[in-house]
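Asks: Supplied in structure tokens, the structure appears directly below.
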Amino acid sequence: MDRRMHLVGKVALVTGGASGMGCGFAEALLKAAAKVCIADINVETGVATESDLRQQYGHENVMFSKCNITSATEFEAVFKRTKEAFGGIDIVVNNAGIGGETDENWEQTVDVNMKGTLRGLRLAMYYLSVEHGGRGGCIVNVASMTGLNPNPLSPVYGCTKAGIIHATRCYVVSEAAKKSNIRLNVLCPAFVDTPMFRRLAAGDATQTIGGDQTAVTAFIERIGVLSTEEVSVALIDILTDETRNGLILRCAKKTGNVYSTLTVQDV
Ligand SMILES: NC(=O)c1ccc[n+]([C@@H]2O[C@H](COP(=O)([O-])OP(=O)(O)OC[C@H]3O[C@@H](n4cnc5c(N)ncnc54)[C@H](O)[C@@H]3O)[C@@H](O)[C@H]2O)c1
Ligand SMILES: CC/C=C\C[C@H](O)/C=C/C=C\C=C\C=C\[C@@H](O)[C@@H](O)C/C=C\CCC(=O)O
């Protein structure tokens, strides 16, 4: 039996889609002939990305919607707008996230990465569920390798990413997911060459505890840096292979892509 989910005509909502990995995901989905709503807090970059992608993949296949994922009103409005514009939603990529470990910004890291992603997960479960007019589909939450491995330089960030992994784990075994045939998986990349990564590599001390740039540089050299295209290939594999459900996909330059299960044992 063919277990490939054809992306042609499928509708995807990608948060943080204006730049970095989210923009790469949007482009990979459009190349596979899906329709994409990019939702992002950054209007200037969002509008520019929308215009660029429309030129390449057709005006009718791409839309940008301004959205701060920490706002319940704005986030729900994006789901409504995407459904109205494209006739439904099949794929949600909860990708928007930030780094920040200082006294001034650590709580914002929790608000965006943890509360924002949970909000996106709850909305995705609602809009994909058959009982609320959805048609099932696939949710991919973007966590990080630091959500799995201890990382002394960014404990707040790592903790939010561990939270995203666990939230996904809980929804995977939910009746709601089973009833509506909703697949959920988590992507855990190591370093990826994006604006966020470049700020870190250039010495942005607000993203680490103590701002120890020598340690950051050593980590980067040890782990290597993926391109956004490489991570997008991993996303498309999760989306198109319908056997992929309840999985963590770890992606790193030196070790490649490795799948493991989200749930360890039935009790
Ligand atoms: N770059 C890496 O090395 C790396 C590695 C592992 C995981 N990640 C994760 O991947 C995701 C994407 O990161 P990136 O490196 O592409 O970052 P990025 O900063 O390059 O892009 C993130 C996008 O999210 C948007 N955004 C930020 N806060 C938002 C909010 N409150 N609401 C809506 N949009 C918001 C930004 O405007 C930006 O367009 C993040 O969740 C990040 O934690 C990144
Ligand atoms: C590009 C990420 C920007 C900021 C993330 C965070 O605030 C800062 C992290 C600083 C150093 C991380 C070192 C991690 C080393 C290892 O634990 C490794 O397993 C993690 C791999 C990638 C981390 C990148 C990420 O998750 O965003």
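Using this note's numbering, read the sequence shown as starting at 126 and increasing by one per residue.
Built from N, CA and C at the ideal position, the CB exists for glycine as well.
1) Taking the alpha carbon of V237 as the point to measure from, which residue in R375, A202 and Y282 has its own alpha carbon closest?
2) Could you tell me the alpha carbon to alpha carbon distance between K378 and V265, rounded to whole angstroms?
3) What are the start and end residues of the beta strand (DSSP E) that includes K191?
4) Using alpha carbons as the reference points, say which of C284, M270, A326 and L253 lies closest to G262.
5) Just reading off the beta strand (DSSP E) that T293 is part of, what are its end residues?
6) For S357, does the three-state DSSP call read helix, strand or coil?
7) On the DSSP bridge assignment, give the partners of L309 in chain order.
8) State yes or no: is the C-beta of A301 within less than 8 Å of the C-beta of L309?
9) Hey, out of E229, D366, I334 and A287, whose CA is closest to L278's CA?
10) What does the alpha-carbon distance come out to for the pair L364 and M130?
11) Counting along the chain, where does the alpha helix (DSSP H) carrying D177 start and finish?
12) In angstroms, rounded to a whole number, what distance separates the CA positions of H184 and G336?
13) Indicate the three-state DSSP secondary structure (helix, strand or coil) for N238 in the structure shown.
14) Just checking, does the stretch 358 to 374 make contact with the stretch 148 to 160 on the three C-beta pairs under 8 Å criterion?
15) In terms of alpha-carbon separation, which member of S196, V218 and R347 lies closest to V267?
16) Output the distance between the C-alpha atoms of D329 and E367, rounded to the nearest integer angstrom.
17) Pull up the distance between the alpha-carbon of R206 and that of I166, whole angstroms please.
Replies: Quick answer:
1) Taking the first residue of the sequence shown as 1, we reach residue 237 at position 112. Closest option to V237, Cα to Cα, is Y282.
2) Taking the sequence shown and counting its residues from 1, the one referred to as residue 378 is at position 253. Taking the sequence shown and counting its residues from 1, the one referred to as residue 265 is at position 140. Here the alpha carbons of V265 and K378 stand approximately 20 Å from one another.
3) Position 66 of the sequence shown, counting from 1, holds the residue named residue 191. Annotation for K191: the continuous beta strand (DSSP E) segment containing it runs V187 to K191.
4) Counting from 1 along the sequence shown, the entry for residue 262 is found at position 137. Answer by Cα proximity: L253.
5) Locating residue 293 in the sequence shown gives position 168, where the first residue counts as 1. Per DSSP, T293 lies in no beta strand (DSSP E); the unbroken alpha helix (DSSP H) holding it starts and ends at P280 to V297.
6) Translated into the one-based positions of the sequence shown, residue 357 becomes position 232. DSSP places S357 in helix when its eight states are reduced to three.
7) By 1-based counting over the sequence shown, the position of residue 309 is 184. Partner(s): I264.
8) Translated into positions along the sequence shown, residue 301 becomes position 176. Translated into positions along the sequence shown, residue 309 becomes position 184. Not a contact, by the Cβ cut-off of 8 Å.
9) Residue mapping note: residue 278 aligns to position 153 of the sequence shown, counting from 1. If we check each option's Cα against that of L278, I334 comes out closest.
10) Position 239 of the sequence shown, counting from 1, holds the residue named residue 364. Position 5 of the sequence shown, counting from 1, holds the residue named residue 130. In this structure, the alpha-carbon of L364 lies about 7 Å from that of M130.
11) Stepping through the sequence shown from its first residue, residue 177 is reached at position 52. That run of the alpha helix (DSSP H) goes V168 to Y182.
12) What you label residue 184 is simply residue 59 of the sequence shown in a count that begins at 1. What you label residue 336 is simply residue 211 of the sequence shown in a count that begins at 1. Each residue's alpha carbon lies about 43 Å from the other.
13) Looking up residue 238 in the sequence shown gives position 113. N238: helix per DSSP, three-state reduction.
14) Because the criterion of three Cβ pairs below 8 Å is met, the stretch 358 to 374 and the stretch 148 to 160 touch.
15) Locating residue 267 in the sequence shown gives position 142, where the first residue counts as 1. Comparing Cα-Cα distances from V267 to each of S196, V218 and R347, the minimum goes to V218.
16) Looking up residue 329 in the sequence shown gives position 204. Looking up residue 367 in the sequence shown gives position 242. One Cα belongs to D329, the other to E367, and the distance between them is close to 40 Å.
17) The residue you call residue 206 lines up with position 81 of the sequence shown. The residue you call residue 166 lines up with position 41 of the sequence shown. The alpha-carbon separation between R206 and I166 amounts to approximately 16 Å.
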